[in-house]
Each structure stands twice: as C-alpha cells, then as structure tokens.
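Below: one structure, written as structure tokens.
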Amino acid sequence: MSLSQPADLSRRRFLGLAAGGLTAAALAACSGGPSTEAADPSAKPEQNDYTGVKPAGSITFWSSNPGSSQAVTQEIIDAFHQSQSDIKVQLVSAGSTYEDIAQKFQAAQAGGTLPDLVVLSDVWWFRYYMQDSIVPLDSLFKALNWDTSDFREQLLSDYKYKDTTWAVPWARSTPLFYWNKAHWQAAGLPDRAPKTWDELAEWAPKLKSSNAGIQNSFQLPALAGYAGWSFQNNLWGAGGGWSAKDSFDVTCDKPESVSALQALADAVYKGKWSGVAGKDSTQDLSAGAVSATVGSTGSLVGILKVAKFDVGAGFLPGGPKSTSPVCPTGGAGVGIPKKIKPENQVAAATFIKFLTSPENTLKFAAATGYMPVRKSADPSTLIAKAPQAKVAIDQLAVTRNQDWARVFLPGADQEMANACAEILTKNGDVQAQMTKLKSTLEGIYNTQVKPNLK
1 MSLSQPADLS RRRFLGLAAG GLTAAALAAC SGGPSTEAAD PSAKPEQNDY
51 TGVKPAGSIT FWSSNPGSSQ AVTQEIIDAF HQSQSDIKVQ LVSAGSTYED
101 IAQKFQAAQA GGTLPDLVVL SDVWWFRYYM QDSIVPLDSL FKALNWDTSD
151 FREQLLSDYK YKDTTWAVPW ARSTPLFYWN KAHWQAAGLP DRAPKTWDEL
201 AEWAPKLKSS NAGIQNSFQL PALAGYAGWS FQNNLWGAGG GWSAKDSFDV
251 TCDKPESVSA LQALADAVYK GKWSGVAGKD STQDLSAGAV SATVGSTGSL
301 VGILKVAKFD VGAGFLPGGP KSTSPVCPTG GAGVGIPKKI KPENQVAAAT
351 FIKFLTSPEN TLKFAAATGY MPVRKSADPS TLIAKAPQAK VAIDQLAVTR
401 NQDWARVFLP GADQEMANAC AEILTKNGDV QAQMTKLKST LEGIYNTQVK
451 PNLK
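When you line the sequence shown up against my numbering, it's residues 1 to 454, in that order.
So, in structure tokens, the structure goes:
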C-alpha cells in the first residue's frame, strides 16, 4: 500500500509529546508496517477576529536563545521599545535547548503562566498545532497589514498546514560543510567542499598524512539532535531516507538507507578517517583537531570567532545516487499560544513583525550565523564580513523538506540518534539497528498517529 498522503490529510489529533505515549520498548514490540485509512478532510482552521482589539501593554517572549542569541535579541527588543511606547517585551530564557523550552511550554499548558510568544523548533511546532495550543497567524497578518510575501518561501512554508500559517521563521538554518583551509592546502586539495562523500573518502588519507597531530580528517556531529537532522543528507544522497518523501512509509531499513549509514560506519571503523564528536564537532574543528565537519549555519559566527585559520564553508556533499537536493532546512520559528488574551496575541504579533523585519533579520544573522529570513534583506554587508554566509543563502535554493518520520512522529528524532549511536560509537550492525528502528518508528505511528488520523 502506498502511504503517501494527500495535502489535506488531517493530522489534527496527533498526541502531543512522546512522553505521553508508550515506552520505546513497547513501541518496538508493535508489529506490522504503517497503514492509513481514509482521513477526515477537516475544514480550514478557523481564524480569530481581531477587529477593534488593542495590543496589550506588556508581553513575555520565551526563548532558548539559539546560537547564543540572547544579547542580540535583547538589542532588538530595546530597539522595539525605542520605536514605540505602547508595548513592552520581556525576554525570558526558558531553557538552553529546543527540548527544554518545549517541555516548559508543554507544562504551562496544564497550568501556570503561558508566554505571549515562544520559540518553536522544526520538530516541535507541529505537535502544538495538533494539541490546539498555538494560534493561526493569518488573521493577525491581516490585522497588522503585514505582507508576508517577503519571507523566503522555503522557510515560511515549513510552518504552513492546510493553507494556514502557524509560526514565523526566525532562527533558521541548514547544515553546512565546514573545513580547515590550511589542512586542505597542506594536502594539496582543491579549495572547495567535496562534491560527494565518496570524494571526501578519497581525500581523507591525504588530509591525515599531511597534517600531523590531527585526530580525524572528518568529525561527525554529536548524534543527539544532529543524527536525525544532518544524516538526512547522507540518506537522500544514497536514494534512501528515514521515510519516503511526503509519506509515513518508514524506509530506514531499505538497502539505500542502510548503505548510507554503513558508509559512515566504515569511515569510522574501517577507513579510520572519521570520528564522532562527543559534544560539538564545530568546536573540534575550530580547535584544529579535525579537518572538516558538518554543522549548522547557526554555528558559523562562533567558528569564525574561535578558529585561528581560514574557514571554508560549502554545500553538503551528495551521494552516489543524488547530489541535489540533499540539504534539509532546520532551526526554529516563533509562534503565539492560543490560550492567551486576544490583546496579548496582537501585541505578540506586532513584536514578531518587528523582530523579523529585514533590518533585524540581518542584525540577527550577523550576530549568530543564522540565515536572513526576508528576501528584501540585503545580505551584502553580511557577506562582506563573512563570505561564508553566502553559501547558506545560496544553498536554500536546493533544500528539501525533512522526512515526516523525523518531524511528525513524536520522539522519533531521539530514537534515530540512539540507533546511530549504536552504529557509530559501538560498531553495531547497521541492518539490525535500522530494522529495530523501523519497528520502533512504526510502533509510534501505529499507536500515536494512526488512531488520530480520522
């Protein structure tokens, strides 16, 4: 059975968080692949009427300060206060990771004080839509005469469902291939990123022999939070994926997916030219301990501040079957809770409009390395300061929406990281781990998703 879903598939009643479902062991015990019955084509979500609503005088903004952005975010808030006197914004650090802030926001739904706007990552926002915890934004756009066509469509579309917008892009990123240009030069390599992972495998011995004292030619990113995201590049390049495109059909155990992960394992255990970062591979690169890695565009500014060498940045390598598009988008946007007063929603949207203006998206990008989210934002000054930033902007044209298995199955991202850890840090059998992962993901689908598709 084909599991590709029509665009109007109703996923409104997904369970919200993996913590509310079965344990991983119980999910893995569920048998049979995912199957879907006819979905109930629910109507377009109802928009609120903000006619005559005046904005609240003060609001709170919950952020995890992605990319060490607290200082620049506060600068933007201060500029907002100078631009008008009706709305005051309080920045609240609600955790250090996307998971931290998601759990805190989840807890506030059951009781406590909600924020007026909140950071929502790529793997969390849809759960809150399903829980009816965030408000549709289109009527707020209309109330504020806000033309959103200036947002980069690749980024805004990540938050659209049923022709409705549920968040606004803010701290958005893609993975990039970073390398030490001095190491490249010592090895006599061309001054560019490898076009494929096979090409990097050919270059790796030269890098190791020409740069005495380095740990590895390449460092895989820390698996927690990165394996499910960045390894989509490797899977897609080999013709595989965590799941089939725009589908809940789990394909991580297919030959193409297994071969992509086997190639990573071989780089670690057979070729011995790659390692796995314990904490942050971009720090390993910046310290000169490794010659190359894959990291978020949000790491760019930090790398450039620390590295004592010229840093190269390029598109992600392709695989034996596909060289483009093999790059996923990522990062976070901002949304507005549903259970707050309309006047707070209007005030929050007013600030979001300012926060993501062309001027402020450039300011934020310059301070963090995240991408400007507005098309009219002229990146020339940003690129003049850090030419590598142009790579991230150019790569947007060849990005691909993430696999449903990662972003729509509760807890799937952590399950992917756990499976990859067994393979890449314990030399586990790739096929066995991917077969087990498929069972786990299908269990999540069958118990937490399928019953809620009608």
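Backbone N, C-alpha and C fix where the C-beta goes; we use that ideal spot for every residue, glycine too.
ask   = Does the pairing of the stretch 316-327 with the stretch 85-98 give three or more beta-carbon distances under 8 Å?
value = Judged by pairs of C-beta atoms under 8 Å, the stretch 316-327 does not touch the stretch 85-98, as fewer than three such pairs exist.
query = In the structure shown, what three-state DSSP assignment does K305 receive?
reply = Stepping through the sequence shown from its first residue, residue 305 is reached at position 305. Helix, per DSSP.
key: Identity of the residues DSSP links to N180 by a beta bridge   = Your numbering for residue 180 matches position 180 in the sequence shown. Checking the DSSP bridge columns, you'll see N180 partnered with V311.
key: Proximity winner among N216, E359 and D116, relative to G57 (alpha-carbon distances)   = Taking the sequence shown and counting its residues from 1, the one referred to as residue 57 is at position 57. Among N216, E359 and D116, the Cα nearest to that of G57 belongs to D116.
query = Between L409 and the rest of its own chain, which residues show a CB-CB distance below 7 Å, the 5 nearest in sequence each way excluded?
reply = By 1-based counting over the sequence shown, the position of residue 409 is 409. Result list for L409: L441, I444, Y445 and V449, in chain order.
message = Going by DSSP in three states, C327 sits in which element: helix, strand or coil?
response = Within the sequence shown, residue 327 is the residue found at index 327, counting from 1. Secondary structure at C327: strand, using DSSP grouped into helix, strand and coil.
request  = Ignoring anything shorter than 3 residues or poking outside the stretch 350-402, list the beta strand (DSSP E) runs there in chain order.
outcome  = Runs of the beta strand (DSSP E) inside the stretch 350-402: none found.
Cβ shell of E504 (< 8 Å), same chain only, five flanking positions each side left out = The shown model of the chain, from 1 to 454, leaves out residue 504, and the question about it has no answer.
query = Can at least three beta-carbon pairs, one atom from the stretch 217-224 and one from the stretch 327-335, be found at a separation below 8 Å?
reply = No, because fewer than three Cβ pairs between the stretch 217-224 and the stretch 327-335 fall closer than 8 Å, the two stretches do not touch.
Helix, strand or coil at Y161 [DSSP, three-state] = Your numbering for residue 161 matches position 161 in the sequence shown. If DSSP states are grouped into helix, strand and coil, Y161 belongs with the strands.
ask   = If you run the structure through DSSP and keep just helix, strand and coil, what is I214?
value = Residue numbering aside, residue 214 sits at position 214 when the sequence shown is read from its first letter. If DSSP states are grouped into helix, strand and coil, I214 belongs with coil.
request  = Decide if P175 is buried, meaning its Cβ has at least 16 other Cβ atoms within 10 Å, or exposed.
outcome  = By one-based count along the sequence shown, residue 175 stands at place 175. Using a 10 angstroms sphere on the CB of P175, the tally of other CB atoms reaches 16 or more, which defines it as buried.
inquiry  = Measuring straight from C-alpha to C-alpha, what distance separates V290 and N211?
reply    = Here residue 290 refers to the residue found at position 290 of the sequence shown. Here residue 211 refers to the residue found at position 211 of the sequence shown. About 9 Å.
message = Taking the alpha carbon of K279 as the reference point, which residue from A227, K305, D394 and V301 has its own alpha carbon closest?
response = Locating residue 279 in the sequence shown gives position 279, counting from the first residue. Comparing C-alpha distances from K279 to each of A227, K305, D394 and V301 shows the shortest one belongs to A227.
ask   = Out of curiosity, what's the CA-to-CA distance linking W273 and T293?
value = Your numbering for residue 273 matches position 273 in the sequence shown. Your numbering for residue 293 matches position 293 in the sequence shown. When rounded, the distance between both Cα atoms is 12 Å.
query = What's the gap between the Cα of Q90 and the Cα of L137?
reply = The residue you call residue 90 lines up with position 90 of the sequence shown. The residue you call residue 137 lines up with position 137 of the sequence shown. So the two alpha carbons sit approximately 21 Å from each other.
ask   = Just checking my contact of P372 with T361 at CB under 8 Å: how many whole Å lie between their CB atoms?
value = By one-based count along the sequence shown, residue 372 stands at place 372. By one-based count along the sequence shown, residue 361 stands at place 361. Correct: roughly 5 Å between the Cβ atoms.
query = To which residues of the same chain is I352 closer than 7 Å at the C-beta, ignoring the five residues directly before and after it?
reply = Translated into the one-based positions of the sequence shown, residue 352 becomes position 352. Take I352, set aside five residues on each side of it, and the residues of its chain with a beta-carbon closer than 7 Å to its own are L117, V168 and V334, in chain order.
task = Leaving out five residues on either side along the sequence, give the residues of the same chain with a beta carbon under 7 Å from the beta carbon of I423.
result = On the sequence shown, residue 423 is found 423 positions in, with the first residue counted as 1. Same-chain partners within the cutoff: L261, A265, V430 and Q433.
request  = Compare the Cα-Cα distances from P395 to each of L144, N233, A419 and P451 and report the closest residue.
outcome  = Numbered from 1 along the sequence shown, position 395 holds the residue referred to as residue 395. Here residue 395 is Gln; the residue named in the question, Pro, does not match the sequence. Among L144, N233, A419 and P451, the Cα nearest to that of Q395 belongs to N233.
ask   = So L441 is in the alpha helix (DSSP H); what residue range does that whole segment cover?
value = Taking the first residue of the sequence shown as position 1, residue 441 is located at position 441. In the DSSP annotation of this structure, the continuous segment of the alpha helix (DSSP H) that includes L441 starts and ends at V430 to I444.
query = Using CA coordinates, which residue listed in K88, S133 and L223 is at the minimum distance from A110?
reply = Here residue 110 is taken as the residue at index 110 of the sequence shown, counted from 1. The candidate whose alpha carbon is nearest that of A110 is S133.
Span of the beta strand (DSSP E), counted from its first residue to its last, around T97 = Here residue 97 refers to the residue found at position 97 when the sequence shown is read from its first residue. First-last for T97: undefined, no H or E at that position.
key: Alpha-carbon spacing of S230 relative to W124, whole angstroms   = Taking the sequence shown and counting its residues from 1, one reaches residue 230 at position 230. Taking the sequence shown and counting its residues from 1, one reaches residue 124 at position 124. A straight-line Cα-Cα distance of about 17 Å links S230 and W124.
ask   = So P169 is in the beta strand (DSSP E); what residue range does that whole segment cover?
value = Position 169 of the sequence shown, counting from 1, holds the residue named residue 169. Annotation for P169: the continuous beta strand (DSSP E) segment containing it runs V168 to S173.
Reduced DSSP secondary structure (H/G/I, E/B, other) of A201 = Your numbering for residue 201 matches position 201 in the sequence shown. Helix.
ask   = For the 8 Å Cβ check, are there 3 or more pairs between the stretch 295-313 and the stretch 173-192?
value = Between the stretch 295-313 and the stretch 173-192, the count of C-beta pairs closer than 8 Å reaches three or more; the two stretches touch.
inquiry  = Let's see if you can read the secondary structure: which residues bound the alpha helix (DSSP H) around G237?
reply    = In the sequence shown, the residue the question calls residue 237 occupies position 237. Element bounds for G237: A227 to G237.
message = So, under 8 Å CB-CB, A204 and G312 are touching, yes? Tell me the CB distance rounded to an integer number of Å.
response = Here residue 204 refers to the residue found at position 204 of the sequence shown. Here residue 312 refers to the residue found at position 312 of the sequence shown. Cβ atoms of A204 and G312 stay farther apart than 8 Å, at about 16 Å.
task = Enumerate in chain order the residues of its own chain whose CB-to-CB distance from K472 is below 7 Å, with the five nearest sequence positions on each side excluded.
result = Because the chain is modelled from 1 through 454, residue 472 falls outside the range shown and cannot be assessed.
query = Are the CB atoms of V258 and T425 nearer to each other than 8 Å?
reply = Counting from 1 along the sequence shown, the entry for residue 258 is found at position 258. Counting from 1 along the sequence shown, the entry for residue 425 is found at position 425. In this structure, V258 sits away from T425, with a CB-CB distance that is not shorter than 8 Å.
task = Measure the Cβ-Cβ separation of P66 and G298 and say whether it is below 8 Å.
result = Within the sequence shown, the letter at position 66 stands for residue 66. Within the sequence shown, the letter at position 298 stands for residue 298. Judged by their CB atoms, P66 and G298 are nearer to each other than the 8 Å cut-off.
request  = Keeping to the same chain, check which residues put their C-beta closer than 7 Å to that of Q47; ignore five residues upstream and five downstream.
outcome  = Your numbering for residue 47 matches position 47 in the sequence shown. Around Q47: P136, D138 and S139.
ask   = Using DSSP with H/G/I as helix, E/B as strand and the rest coil, what is F126?
value = Taking the sequence shown and counting its residues from 1, one reaches residue 126 at position 126. In this structure, DSSP gives F126 a helical state, which the three-state scheme calls helix.
task = Can you tell me which of N427, P451 and A348 puts its alpha carbon nearest to the alpha carbon of D86?
result = Here the question's residue 86 lines up with position 86 in the sequence shown. Comparing Cα positions, the closest option is A348.
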